[in-house]
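Residue numbers for the sequence shown follow the working numbering, so the first one is 12 and each next one is one higher. All remarks here apply to the structure that follows.
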Amino acid sequence: MSRGSHPLSYLLLAAALTTSLAGIACEHHHYYRVYDPYYTDYHVWNGEEAGYYSRWAAETHRDPHRDFRRLPPDEQKEYWTWRHNHH
């Protein structure tokens, strides 16, 4: 049996490369968990949480595009209090 190149090997390599590139292209959909120290729980920061954050920002006249993780601790606390009262 010879160890020559097989078209199937090339297809598998191409599929592996395509899959890894697709993962890089979807990087902007990366979700993360945020710990709420005031209510001692975690929240997954995804589209749903971003919606709550935008609503809070609008109601409190803040910039909805500002990264939550960059807010001062007192504003984060204000958000978590608001968030737990708005399921």
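Heads up, the beta-carbon is just placed ideally off N, CA and C, and yes, glycines get one too. As the structure is a prediction and not an experimental result, all values here were calculated from the model.
(request) Give me whichever residues DSSP pairs with residue 53 in a beta bridge. (result) 46
(message) Considering just the uninterrupted stretch of the alpha helix (DSSP H) at residue 95, what are its terminal residues?
(response) 84-95
(message) Between the alpha carbons of residue 81 and residue 53, how many angstroms are there, rounded?
(response) 17 Å
(request) Let me know if residue 90 comes out buried or exposed under the rule of 16 or more other beta-carbons within 10 Å of its beta-carbon. (result) buried
(message) Quick check on the burial criterion: 16 or more other C-beta atoms within 10 angstroms. Buried or exposed for residue 42?
(response) exposed
(message) Quick check: is any heavy atom of the ligand MG less than 7 Å from the C-beta of residue 18?
(response) Looking at this structure, you won't find the ligand MG or any other ligand, since it has none at all.
(request) Please state whether DSSP places residue 18 in a helix, a strand or coil. (result) helix
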